[in-house]
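Protein chains in written order, with my numbering: chain A, 75 to 187; chain B, 506 to 619.
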């Protein structure tokens with residue numbers, strides 16, 4: 075069964091203090107790994123898609139990387155507006171074209187000013 | 506381009522009732538997936554529709570059903586509501602032209618069952 079585990083569950087940082095969030099996965103036939111940001115009471119907002127080990131993508135203060143077993147979301151010099159829950163999800167499976175995502179439990183990130 | 510829209514945004518129902526939620530995907534997107542989000546279980550996949558056909562289904566009871574119309578809009582229905590059905594129901598759409606296509610989420614419908 076496909077599984078995604080995120081750590082830590084919660085993380086508090088000071089503004090400007092860089093850190094990384096971890097997403098470990100166990101799937102058969104990875105088709106894509108996705109990072110989303112979710113603010114309270116809202117739907118997940120897409121950040122990145124990674125497809126193969128070694129791939130990296132960046133957007134403002136965020137950088138996502140992928141290995142064969144895990145992905146990291148690096149946050150450089152975060153600001154209070156980066157506070158949110160960050161969700162990792164994988165798409166895998168045997169049904170060709172199916173869009174099912176399996177999500178981790180998320181990391182709740184708080185950036186203090 | 507308009508994003509995924511969901512209606513209604515909030516619903517309050519009582520046990521035993523049924524409810525229908527609606528989702529309009531991004532223009533041109535043919536795949537619509539539904540997810541349930543609760544504090545205890547996180548985001549869980551309900552089902553996916555593509556070209557009016559259910560292509561994949563999660564581990565939820567038969568009380569949860571859905572359909573997709575020819576314009577790609579989708580509805581999900583929950584019959585005989587239980588207290589545990591209280592959750593944020595999220596709809597996501599994608600082009601589904603290739604595997605690994607990005608899914609874009611709507612704002613969700615918050616369902617409260619009393």
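The C-beta atom is built at its ideal place from N, Cα and C for all residues, glycine as well.
Exercise. Round the Cβ separation of residue 523 of chain B and residue 586 of chain B to the nearest angstrom and send it over; I've been treating them as touching at under 8 Å.
Key: As a working mapping, residue 523 of chain B is identified with position 18 in the second chain. As a working mapping, residue 586 of chain B is identified with position 81 in the second chain. Contact check for residue 523 of chain B and residue 586 of chain B: beta-carbon distance about 7 Å, within the 8 Å limit, so the pair qualifies.
Self-check item: Residues bridged to residue 86 of chain A (per DSSP)
Solution: By 1-based counting over the first chain, the position of residue 86 of chain A is 12. DSSP output for residue 86 of chain A lists A/184 as bridge partner(s).
Exercise. Return yes when the Cβ of residue 124 of chain A is within less than 7 Å of the Cβ of residue 107 of chain A, no when it is not.
Key: Within the first chain, the letter at position 33 stands for residue 107 of chain A. Within the first chain, the letter at position 50 stands for residue 124 of chain A. Contact flag set, yes.
Practice problem: Can you give me the Cβ contacts of residue 613 of chain B inside the same chain, cut-off strictly under 7 Å, excluding the 5 residues immediately before and after it? | Solution: Looking up residue 613 of chain B in the second chain gives position 108. Excluding residues within five positions, the ones whose Cβ falls inside 7 Å are 511, 593, 594, 595.
Quiz item: Using 8 Å as the threshold, is the stretch 158–168 of chain A in touch with the stretch 576–591 of chain B, meaning 3 or more CB pairs across them?
Solution: No, because fewer than three Cβ pairs between the stretch 158–168 of chain A and the stretch 576–591 of chain B fall closer than 8 Å, the two stretches do not touch.
Quiz item: Looking only at DSSP bridge pairs, what is residue 124 of chain A linked to?
Solution: Taking the first residue of the first chain as position 1, residue 124 of chain A is located at position 50. A/107.
Practice problem: Name, please, each residue of chain B whose Cβ falls closer than 7 Å to the Cβ of residue 172 of chain A. | Solution: Here residue 172 of chain A corresponds to residue number 98 of the first chain, with the count starting at 1. The answer, in chain order, is 553, 560, 561.
Quiz item: residue 609 of chain B to residue 536 of chain B, Cα distance in whole Å?
Solution: Here the question's residue 609 of chain B lines up with position 104 in the second chain. Here the question's residue 536 of chain B lines up with position 31 in the second chain. In a straight line, the C-alpha of residue 609 of chain B is about 11 Å away from that of residue 536 of chain B.
Self-check item: residue 540 of chain B to residue 151 of chain A span [Cα, whole Å]
Solution: Position 35 of the second chain, counting from 1, holds the residue named residue 540 of chain B. Position 77 of the first chain, counting from 1, holds the residue named residue 151 of chain A. Going from the Cα of residue 540 of chain B to the Cα of residue 151 of chain A covers about 33 Å.
Quiz item: Given a threshold of 16 other Cβ atoms within 10 Å of its Cβ, counted over all protein chains shown, does residue 177 of chain A qualify as buried or as exposed?
Solution: Residue mapping note: residue 177 of chain A aligns to position 103 of the first chain, counting from 1. Here residue 177 of chain A is buried, its C-beta having at least 16 other C-beta atoms within 10 Å.
Exercise. Tell me, please, whether the stretch 544–551 of chain B touches the stretch 573–580 of chain B by the rule of three or more beta-carbon pairs shorter than 8 Å.
Key: In short, these stretches do not touch, since the Cβ pair count stays below three.
Quiz prompt | Proximity to residue 153 of chain A [Cα-Cα], best of A/129, A/186, A/115 | solution = Along the first chain, read from residue 1 onward, the residue named residue 153 of chain A stands at position 79. Looking only at A/129, A/186, A/115, the smallest Cα-Cα distance to residue 153 of chain A is reached by A/186.
Exercise. State the DSSP-derived secondary structure class of residue 571 of chain B, mapped to helix, strand or coil.
Key: One-based indexing of the second chain puts residue 571 of chain B at position 66. In the structure shown, residue 571 of chain B sits in a strand (DSSP, three-state: E or B).
Practice problem: Might you give, ordered along the chain, the residues of its own chain that have their beta carbon closer than 8 Å to the beta carbon of residue 556 of chain B, omitting 5 neighbours on each side? | Solution: Walking along the second chain from the start, residue 556 of chain B turns up at place 51. Correct list, in chain order: 535, 573.
Exercise. Compare the Cα-Cα distances from residue 532 of chain B to each of B/506, B/603, B/566 and report the closest residue.
Key: In the second chain, counting from the first residue as 1, residue 532 of chain B sits at position 27. Measuring from the Cα of residue 532 of chain B, the nearest candidate turns out to be B/506.
Quiz item: By how many angstroms is the C-alpha of residue 564 of chain B removed from the C-alpha of residue 95 of chain A?
Solution: Taking the first chain and counting its residues from 1, one reaches residue 95 of chain A at position 21. Taking the second chain and counting its residues from 1, one reaches residue 564 of chain B at position 59. Taking the straight line from one Cα to the other gives about 29 Å.
Quiz prompt | chain B residues whose Cβ lies nearer than 9 Å to that of residue 123 of chain A | solution = Within the first chain, residue 123 of chain A is the residue found at index 49, counting from 1. Those are 605, 606, 607, listed as they occur along chain B.
Practice problem: Buried or exposed for residue 181 of chain A, please, with buried defined as at least 16 other CB atoms from any protein chain shown within 10 angstroms of its CB. | Solution: Stepping through the first chain from its first residue, residue 181 of chain A is reached at position 107. Residue environment analysis places residue 181 of chain A among the buried positions, since at least 16 neighbouring C-beta atoms fall within 10 angstroms of its C-beta.
Quiz prompt | Close-in-space but distant-in-sequence residues of the same chain around residue 81 of chain A (CB under 6 Å, 5 per side omitted) | solution = As a position in the first chain, residue 81 of chain A is number 7, starting the count at 1. Beyond the five residues adjoining it in sequence on each side, residue 81 of chain A comes within less than 6 Å, by CB distance, of 96 in the same chain, given in chain order.
Quiz item: Does residue 142 of chain A get closer than 7 Å to chain B when you measure Cβ to Cβ?
Solution: Position 68 of the first chain, counted from the start, is the residue given in the question as residue 142 of chain A. Under the Cβ distance rule, residue 142 of chain A does not count among the residues neighbouring chain B, no pair being separated by less than 7 Å.
Quiz item: Taking the alpha-carbon positions, what's the residue 144 of chain A to residue 519 of chain B distance?
Solution: Counted from its first residue, the first chain places residue 144 of chain A at position 70. Counted from its first residue, the second chain places residue 519 of chain B at position 14. Distance between the alpha carbons of residue 144 of chain A and residue 519 of chain B: 42 Å.
Quiz prompt | Rounded straight-line distance, which links the Cα of residue 172 of chain A to that of residue 560 of chain B | solution = Working through the second chain from its first residue, we reach residue 560 of chain B at position 55. Working through the first chain from its first residue, we reach residue 172 of chain A at position 98. When the Cα atoms are used, residue 560 of chain B and residue 172 of chain A turn out to be separated by approximately 6 Å.
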